[in-house]
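In the order they appear, the protein sequences are chains A and B.
Numbering-wise (this note's numbering), the first sequence opens with residue 1 and increments by one.
Numbering-wise (this note's numbering), the second sequence opens with residue 1001 and increments by one.
Positions of the beta carbon are idealized from the N, C-alpha and C atoms, including for glycine.
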Amino acid sequence: MARVNIKIKVNGKLQELGVEAHETLLDTLRERLGLLAAKYGCGDGECGACTVLVEGNATLSCLTLAAHVDGKDIETIEGLEQGSHLHPLQESFVEQGAIQCGYCTPGMIMSAKALLDKDADPSEEKVRRAISNNLCRCTGYEKPVKAILEAARRMRGEK
Amino acid sequence: MKPFFKPKAYFRPGSLGKAVELLSNFGDRAKVLAGGTDLLVQKPSGAECLIDIADLGLEYIKEHENGVEIGAATTVRSIGVSGSLSSEPYLVLRDAACALGTPTIRNMATIGGNICNASPAADLPLALMVLGASLTIMGPAGKREVNIGEFFENIGGKNIQADELLLSINIPASRGRCGTSFQKLRHHQTSIDIAIVNVAARMTCEKQACVKASIALGAVAPTPIYARKAEALLGKKRPNAAIIQEAASAASEEVNPIDDVRGSKWYRKKMAAVLVRRALEESSRRCGIWPE
Ligand SMILES: Cc1cc2nc3c(=O)[nH]c(=O)nc-3n(C[C@H](O)[C@H](O)[C@H](O)COP(=O)(O)OP(=O)(O)OC[C@H]3O[C@@H](n4cnc5c(N)ncnc54)[C@H](O)[C@@H]3O)c2cc1C
Ligand code: FES
Ligand code: FES
């Protein structure tokens, strides 16, 4: 089976890989690069557990072929921590108790990051829409929404 | 997991000529890949090779004096936020784009994929139908133009061959004052689900009368359809509540929905009337002739 050679940047690091024609970005991240945060939930675009950022946009890695993102910049939650400091989104998810089993969390935080990178002061409505492709089966949505709004406040430098 | 989707080859042609050559070499065994939000869900087992159209320069929205041209690989998000589509008659397309899927899906999904997948419940084709759009399709014998209405007339739902590529969507500028509307019913209005019923409408007005109406419905027949009888009821009159209700009831008689997990035939017929009424009310409001 012919391999496709691709170069992608993952969390700032250049990766040169030979991938299968049918290989999804989710499989590449998990199986080749050992980045296990993005999860396989449904494989059908419905749950968002596999959400990562491609060129800053929230993207479902289960419906994206690795070959399709050749040359692109990919961000996963593994890239958010700076040194020993968690990203404000990670911090506020922990503080607000917005995580129970945590299966949905990496995807939900990446959807939120895509929003906050473009809009520093989003309305609650916008936050809800931004995570509308992220299904949570245990925490629900109230605490994640609160956590995202709180993280936005911190990132704007407000108390 | 669907284990049978194992294309052996992936191509990313850099020119239209190369893309069409690949498509004619592989025929049925090739699949065009745009955003992948339908293809990678369906995972067709017969797809031996994928032809990615990302490098063909098909991502654009161009305004010109005769209307707007949109490249097939333009994302639904770009359509939803485009300044070129923020006035009539294009609001129906912008609104349909903003109602498709979720923000994450809209980052990936393309307008060409939405048309070529030819789901009877797809959102953008309805808007393009009331806008009278035409499609530019390229195959081994060159380019051809097809009206979007005719594109969906074929049994099986679409008028494009395995060796053809949709290049662009051309929307004519409107002659006269227009109001449009897009209405969609789904289980939760913000959730991830396709329409139970969706409707696009457009009215062209002169003075205080509607001189032409166009109504398209989705998820109520094997393909998206026009409600021709309802359209005829609106011609040459000033719309009022009674006329709009009459047209809405007529539209509901023209549809032929099925029972499925999203809704029953009975419910879909009722909701078709409600959505057509709302679409006509909003169209006449946007035209500036409602309420009287
Ligand atoms: C969770 C989820 C929610 C969704 N919600 C909606 C919704 O609310 N409304 C809606 O209408 N749809 C919805 N969809 C369906 C899908 O997102 C849209 O139909 C989308 O526009 C498809 O575009 P794409 O670029 O991803 O297509 P792809 O999957 O890349 O392609 C779809 C089909 O079209 C063919 N194709 C694509 N481009 C071309 C071209 N230029 N020339 C020839 N053939 C081509 C492909 O070969 C394939 O058969 C949803 C999908 C998911 C997964
Ligand atoms: S695994 Fe990708 S959306 Fe569920
Ligand atoms: S925390 Fe368990 S699915 Fe969201």
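Our contact map puts residue 108 of chain A next to residue 144 of chain A with C-beta atoms below 8 Å; I'd like the distance itself, whole angstroms only. On the first sequence, residue 108 of chain A is found 108 positions in, with the first residue counted as 1. On the first sequence, residue 144 of chain A is found 144 positions in, with the first residue counted as 1. Contact holds; Cβ gap of about 6 Å.
Residue 1304 of chain B and residue 1117 of chain B closer than 8 Å at C-beta: Look at the range of chain B in this structure, 1001 to 1292, and you will see that residue 1304 of chain B is not part of it.
Under 8 Å (Cβ pairs) to chain B, residues found in the region 89-111 of chain A: 111
Segment contact, 8 Å Cβ cut-off, at least three pairs: the region 85-93 of chain A with the region 14-28 of chain A: no
Could you give the first and the last residue of the continuous alpha helix (DSSP H) run that contains residue 1111 of chain B? Position 111 of the second sequence, counted from the start, is the residue given in the question as residue 1111 of chain B. Where residue 1111 of chain B is concerned, the enclosing alpha helix (DSSP H) stretches over 1111-1116.
Following a CB-centred definition, is residue 128 of chain A positioned closer than 7 Å to any heavy atom of ligand 3? For the purposes of this step, residue 128 of chain A is taken as residue 128 along the first sequence, with counting starting at 1. For ligand 3, not one heavy atom lies less than 7 Å from the Cβ of residue 128 of chain A.
C-alpha distance - residue 48 of chain A paired with residue 1212 of chain B, whole-angstrom precision: Working through the first sequence from its first residue, we reach residue 48 of chain A at position 48. Working through the second sequence from its first residue, we reach residue 1212 of chain B at position 212. Rounded to whole angstroms, residue 48 of chain A to residue 1212 of chain B spans 43 Å at the Cα level.
Contact list for residue 116 of chain A against chain B, beta-carbon separation under 9 Å: Translated into the one-based positions of the first sequence, residue 116 of chain A becomes position 116. By Cβ distance, chain B contributes nothing, its closest Cβ being about 13 Å from residue 116 of chain A, past 9 Å.
Residue-chain proximity (residue 31 of chain A, chain B), Cβ-Cβ < 8 Å: Taking the first sequence and counting its residues from 1, one reaches residue 31 of chain A at position 31. Answer no: the Cβ-Cβ gap between residue 31 of chain A and chain B never drops below 8 Å.
I'd like the span of the alpha helix (DSSP H) that includes residue 1079 of chain B, first residue to last. Translated into the one-based positions of the second sequence, residue 1079 of chain B becomes position 79. From DSSP, the alpha helix (DSSP H) with residue 1079 of chain B extends over 1076-1081.
Regarding residue 31 of chain A and ligand 2, is the C-beta to nearest heavy atom distance less than 7 Å? Within the first sequence, the letter at position 31 stands for residue 31 of chain A. False, no ligand heavy atom lies under 7 Å from that Cβ.
Kindly indicate if chain A contains any beta-carbon less than 8 Å away from that of residue 1052 of chain B. Counting from one through the second sequence, the residue named residue 1052 of chain B turns up at place 52. Chain A contact via Cβ: present.
Can you check whether the CB of residue 1225 of chain B is closer than 8 Å to the CB of residue 1234 of chain B? Translated into the one-based positions of the second sequence, residue 1234 of chain B becomes position 234. Translated into the one-based positions of the second sequence, residue 1225 of chain B becomes position 225. Contact: no.
8 Å is my cut-off, CB to CB: does residue 149 of chain A come that close to chain B? Start at 1 with the first residue of the first sequence, and residue 149 of chain A comes out as number 149. By this cut-off, residue 149 of chain A is not an interface position.
What's the gap between the Cα of residue 1260 of chain B and the Cα of residue 1267 of chain B? In the second sequence, residue 1260 of chain B corresponds to position 260, counting from 1. In the second sequence, residue 1267 of chain B corresponds to position 267, counting from 1. Roughly 11 Å between the two C-alpha positions.
Which residues bound the alpha helix (DSSP H) around residue 1104 of chain B? Stepping through the second sequence from its first residue, residue 1104 of chain B is reached at position 104. Run containing residue 1104 of chain B: 1103-1108, per the alpha helix (DSSP H) assignment.
For a test of the three-state rule: what should DSSP assign to residue 15 of chain A, helix, strand or coil? One-based indexing of the first sequence puts residue 15 of chain A at position 15. Three-state DSSP puts residue 15 of chain A in a strand.
Could you tell me which of B:1052, B:1119, B:1230 and B:1147 sits nearest to residue 1007 of chain B, measuring between CA atoms? Indexing the second sequence from 1 puts residue 1007 of chain B at position 7. Here the closest residue by C-alpha is B:1052.
Using 8 Å as the limit for Cβ to Cβ distance, is residue 1107 of chain B near chain A? Locating residue 1107 of chain B in the second sequence gives position 107, counting from the first residue. It does; some Cβ of chain A falls within 8 Å.
Please report the straight-line C-alpha distance between residue 1102 of chain B and residue 1160 of chain B, rounded to a whole angstrom. The residue given as residue 1102 of chain B occupies position 102 in the second sequence. The residue given as residue 1160 of chain B occupies position 160 in the second sequence. Going by the C-alpha atoms only, they are around 28 Å apart.
List the residues of chain B that residue 130 of chain A touches, going by C-beta distances under 8 Å, in chain order. In the first sequence, the residue the question calls residue 130 of chain A occupies position 130. Those are 1103, listed as they occur along chain B.
Could you confirm whether any beta carbon from chain B is found closer than 8 Å to the beta carbon of residue 85 of chain A? Position 85 of the first sequence holds residue 85 of chain A. No, because no Cβ of chain B sits closer than 8 Å to the Cβ of residue 85 of chain A.
Comparing the C-beta of residue 5 of chain A with each C-beta of chain B, is any distance below 8 Å? As a position in the first sequence, residue 5 of chain A is number 5, starting the count at 1. No, because no Cβ of chain B sits closer than 8 Å to the Cβ of residue 5 of chain A.
Mapping the DSSP letters down to three states, classify residue 1213 of chain B as helix, strand or coil. As a position in the second sequence, residue 1213 of chain B is number 213, starting the count at 1. Looking at residue 1213 of chain B - three-state DSSP - the assignment turns out to be strand.
Nonlocal neighbours in the same chain, by C-beta distance under 7 Å from residue 1148 of chain B, ignoring five residues either side: Along the second sequence, read from residue 1 onward, the residue named residue 1148 of chain B stands at position 148. 1125, 1128, 1129, 1133, 1134 and 1135, listed in sequence order.
Going by C-alpha to C-alpha distance, which of B:1083, B:1045, B:1038 and B:1216 sits closest to residue 1060 of chain B? Looking up residue 1060 of chain B in the second sequence gives position 60. Among B:1083, B:1045, B:1038 and B:1216, the Cα nearest to that of residue 1060 of chain B is on B:1083.
Neighbourhood of residue 64 of chain A by C-beta, 6 Å cutoff - its chain only, sequence neighbours within 5 removed: The sequence position of residue 64 of chain A within the first sequence is 64, counting from 1. Around residue 64 of chain A: 25.
Under 8 Å Cβ-Cβ, which residues of chain B neighbour residue 158 of chain A? Taking the first sequence and counting its residues from 1, the one referred to as residue 158 of chain A is at position 158. The premise fails here: residue 158 of chain A is roughly 25 Å from chain B at the closest Cβ pair, so nothing lies under 8 Å.
Hey, residue 1138 of chain B and residue 1196 of chain B are a contact pair by Cβ (cut 8 Å); roughly how many whole angstroms apart? Numbered from 1 along the second sequence, position 138 holds the residue referred to as residue 1138 of chain B. Numbered from 1 along the second sequence, position 196 holds the residue referred to as residue 1196 of chain B. About 35 Å separates the two Cβ atoms, so there is no contact after all.
Reduced DSSP category for residue 1187 of chain B - H, G, I as helix; E, B as strand; rest coil: Numbered from its first residue, the second sequence carries residue 1187 of chain B at position 187. The answer is coil: DSSP assigns residue 1187 of chain B none of H, G, I, E or B.
Any 3 or more C-beta pairs closer than 8 Å across the region 1058-1072 of chain B and the region 1197-1210 of chain B: no
Length of the line joining the Cα atoms of residue 131 of chain A and residue 112 of chain A: By one-based count along the first sequence, residue 131 of chain A stands at place 131. By one-based count along the first sequence, residue 112 of chain A stands at place 112. About 7 Å.
Taking a cut of 8 Å between CB atoms, which residues from the region 33-44 of chain A lie near chain B? 43 and 44
By DSSP, does residue 1287 of chain B sit in helix, in strand, or in coil? Taking the second sequence and counting its residues from 1, the one referred to as residue 1287 of chain B is at position 287. Helix.
Using 8 Å as the cut-off, can you tell me whether the region 1034-1048 of chain B makes contact with the region 148-159 of chain A, which would need three or more C-beta pairs spanning the two stretches below that distance? no
Which same chain residues end up closer than 7 Å to residue 1170 of chain B when comparing Cβ atoms and leaving out the 5 residues on each side of it in sequence? As a working note, residue 1170 of chain B is residue 170 in the second sequence. Hits under 7 Å: 1067, 1069, 1133, 1134 and 1136.
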